[in-house]
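One line per chain: the protein sequences are S and B, in this order.
One gets this note's numbering by counting positions in the first sequence from 1 and adding 402 to each.
One gets this note's numbering by counting positions in the second sequence from 1 and adding 402 to each.
2 protein chains.
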Amino acid sequence: MAIAPPIADPSTTIELLGLAAQVEHTQFTRLAAYSRVAPGTAQRMALARCAVQRLDACERLLTRITELGGDADAAMAAFSHVLDGFDSRTASTSWAERLLVPYLGYGVADDFCRMAADGLDDESRALLQEVLTDPMPADLALAELDDVTAHDHVLGARLALWGRRLVGEALTVVQSVLESKPGMEHLLGVQRGALYGKLTAEHARRMGRLRLTA
Amino acid sequence: MAIAPPIADPSTTIELLGLAAQVEHTQFTRLAAYSRVAPGTAQRMALARCAVQRLDACERLLTRITELGGDADAAMAAFSHVLDGFDSRTASTSWAERLLVPYLGYGVADDFCRMAADGLDDESRALLQEVLTDPMPADLALAELDDVTAHDHVLGARLALWGRRLVGEALTVVQSVLESKPGMEHLLGVQRGALYGKLTAEHARRMGRLRLTA
Chain S
403 MAIAPPIADP STTIELLGLA AQVEHTQFTR LAAYSRVAPG TAQRMALARC
453 AVQRLDACER LLTRITELGG DADAAMAAFS HVLDGFDSRT ASTSWAERLL
503 VPYLGYGVAD DFCRMAADGL DDESRALLQE VLTDPMPADL ALAELDDVTA
553 HDHVLGARLA LWGRRLVGEA LTVVQSVLES KPGMEHLLGV QRGALYGKLT
603 AEHARRMGRL RLTA
Chain B
403 MAIAPPIADP STTIELLGLA AQVEHTQFTR LAAYSRVAPG TAQRMALARC
453 AVQRLDACER LLTRITELGG DADAAMAAFS HVLDGFDSRT ASTSWAERLL
503 VPYLGYGVAD DFCRMAADGL DDESRALLQE VLTDPMPADL ALAELDDVTA
553 HDHVLGARLA LWGRRLVGEA LTVVQSVLES KPGMEHLLGV QRGALYGKLT
603 AEHARRMGRL RLTA
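Okay, structure coming up:
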């Protein structure tokens with residue numbers, strides 16, 4: 403049984419909020435880029451709206467850092483390149499593959515931040531749990547995927563592989579964050595193995611919703 | 403003296419609204435991309451907010467197309483690649499040069515749409531004039547440029563050249579739109595030479611605000 407972690411000190415709280423703000427900002431920019439290359443206007447606008455929601459989340463997290471007496475700019479800047487490697491290793495020119503990146507890839511980063519939020523003060527925890535919603539609504543991703551896979555039966559298997567690749571790349575990011583910021587690990591109240599297990603289970607749940615084999 | 407153009411037929415009105423919506427959407431995606439690579443968090447967030455304003459403008463234009471009985475998706479899709487050439491020819495890795503692209507480059511496209519709006523019904527014209535504001539507020543661009551040029555006196559001359567390049571590329575886009583959509587030219591109520599003159603004068607005014615030599 404996991405033991406409830408103690409309430410984090412302010413500097414670790416600000417560190418987690420800064421990480422989450424950067425993750426949300428990166429999602430904003432990547433969803434906006436996908437919006438540009440979406441196959442039609444409806445998808446273009448849907449992705450753009452998802453992007454704006456991520457920016458709203460980012461701004462609310464920065465506001466919370468300021469409320470806690472932190473330097474919002476510095477807290478976010480500390481993680482400004484945290485997803486650069488993930489993004490460069492998960493670039494894709496296929497619309498179906500792109501659709502999975504926010505929902506499956508960034509979903510892991512959001513889960514991590516939500517889990518670490520268990521160790522924060524009530525208000526910060528509630529904020530993280532509220533704003534770190536799925537970057538792309540499951541029904542949007544699902545409707546698009548159904549449309550794509552209806553015309554290509556081999557695609558389902560290929561996308562399942564891509565989904566596994568995305569979770570692998572995302573877990574690599576989590577590992578590197580934990581190694582560079584040891585304070586974060588204390589927030590989680592679980593050992594690293596248990597953390598990866600929980601993140602993988604959440605990923606499998608999302609794959610299932612998309613009717614892909616995890 | 404320019405003669406007031408007649409009120410445009412609905413299909414030309416929808417065409418102009420679709421062009422403007424696409425221009426705004428492209429600005430949204432490019433400002434979001436710049437937000438990702440901005441040198442600090444403050445600039446990152448400022449550019450992100452500018453991006454969202456462009457998306458809001460895009461959405462309001464699409465709503466107007468629907469009100470007029472048009473197909474918003476199709477109207478915007480007709481111009482989905484209108485700025486691809488401009489964007490690829492004005493890619494830059496310098497922060498100072500990037501700052502000028504929205505204000506000076508897209509500013510020309512916005513001016514064109516506002517001028518053509520003279521030929522539309524009152525409500526469509528008022529909407530275009532309201533939402534097509536400067537993509538990046540002049541004071542934001544100016545503050546950043548002052549900061550950059552304070553440390554580099556040769557840069558002012560280089561940026562003046564870049565500004566002239568941007569207006570040239572933007573006028574190329576205007577020319578290609580006029581050639582592919584002859585209905586647009588009728589909206590303007592001026593000859594093409596007069597149009598280019600007006601667009602260039604507006605550009606010079608913006609260059610002046612940035613203290614650059616047009």
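Where is the CB? At the ideal position from N, CA and C, for every residue including glycine.
What you are looking at is a predicted structure, and each value in this text was computed from that prediction instead of being measured.
Neighbour flag for residue i against chain B, beta carbons, 7 Å
i      : result
S437/S : yes
A434/S : yes
M478/S : yes
G420/S : no
A444/S : yes
T602/S : no
S413/S : no
V575/S : no
L457/S : yes
V454/S : yes
Assigned exposure category for residue i - 16 Cβ within 10 Å defines buried
i      : result
Q593/B : exposed
D554/B : exposed
L563/S : exposed
A528/S : exposed
V556/S : exposed
L536/S : What sits at residue 536/S in the sequence shown is Asp, not Leu. Classification of D536/S: buried, given that the 10 Å Cβ count is 16 or more.
D524/S : exposed
G595/B : exposed
T495/B : exposed
A540/B : exposed
R607/S : exposed
H427/S : buried
Q424/B : buried
A603/B : exposed
P584/B : exposed
S482/S : buried
Residue-level contact to chain S via CB, residue i, 7 Å cutoff
i      : result
L590/B : no
D538/B : Note that residue 538/B is Met in the sequence shown, not Asp. No, no contact with chain S.
L530/B : no
V425/B : no
D475/B : yes
L561/B : no
A450/B : yes
T535/B : no
T431/B : yes
M403/B : Note that M403/B scores a pLDDT of 47, beneath 50, so its modelled location is shaky and nothing firm can be said.
V503/B : no
V569/B : no
CA-to-CA distance, residue j to residue i, given in whole angstroms
i      : j      : result
A444/B : A477/S : 12 Å
F488/B : V575/B : 7 Å
M403/S : L419/B : Only weak support is given to the placement of M403/S: the predicted model assigns it a pLDDT of 47, under 50, and the question is left unresolved by the model.
T615/B : M447/S : 38 Å
G471/B : P412/B : 9 Å
G610/S : K600/S : 15 Å
T415/B : L522/B : 6 Å
E571/S : A518/B : 49 Å
F514/B : D512/S : 42 Å
L590/B : A559/B : 34 Å
T551/S : Q429/S : 25 Å
H605/S : R516/B : 48 Å
M586/S : G442/S : 41 Å
A545/S : R613/B : 51 Å
L530/S : R566/S : 26 Å
A453/B : D486/B : 18 Å
V484/B : S582/S : 44 Å
D458/S : I467/S : 15 Å
S490/S : L449/B : 22 Å
Limits of the unbroken alpha helix (DSSP H) element including residue i
i      : result
F481/S : No alpha helix (DSSP H) contains F481/S, which DSSP labels as neither H nor E.
G509/B : G509 to A518
I467/S : T443 to E469
H553/B : Looking at the DSSP string, H553/B is not in any alpha helix (DSSP H), and its letter there is neither H nor E.
R566/B : L557 to S582
D536/S : Taken as a continuous stretch (DSSP letters only), D536/S belongs to no alpha helix (DSSP H), as it is neither H nor E.
L612/B : From DSSP, L612/B is part of no alpha helix (DSSP H); its letter is neither H nor E.
Q593/S : No alpha helix (DSSP H) holds Q593/S; DSSP gives it neither H nor E.
A410/S : Premise fails: A410/S is in no alpha helix (DSSP H) and is neither H nor E.
L506/S : Looking at the DSSP string, L506/S is not in any alpha helix (DSSP H), and its letter there is neither H nor E.
Amino acids of chain C, ordered along the chain, whose beta-carbon sits closer than 9 Å to that of residue i
i      : result
V484/S : Given the protein chain composition of this structure (S and B), no chain C is represented.
Proximity test, residue i beta-carbon vs the ligand ATP heavy atom, cut-off 6 Å
i      : result
G509/S : With respect to small molecules bound, the structure shown includes none, and the ligand ATP cannot be examined in it.
Exercise. State whether the region 432 to 444 of chain S contacts the region 424 to 436 of chain B, with contact taken as three or more CB pairs (one from each stretch) at a distance under 8 Å.
Key: The way I'd put it, the region 432 to 444 of chain S does touch the region 424 to 436 of chain B; three or more beta-carbon pairs between them come closer than 8 Å.
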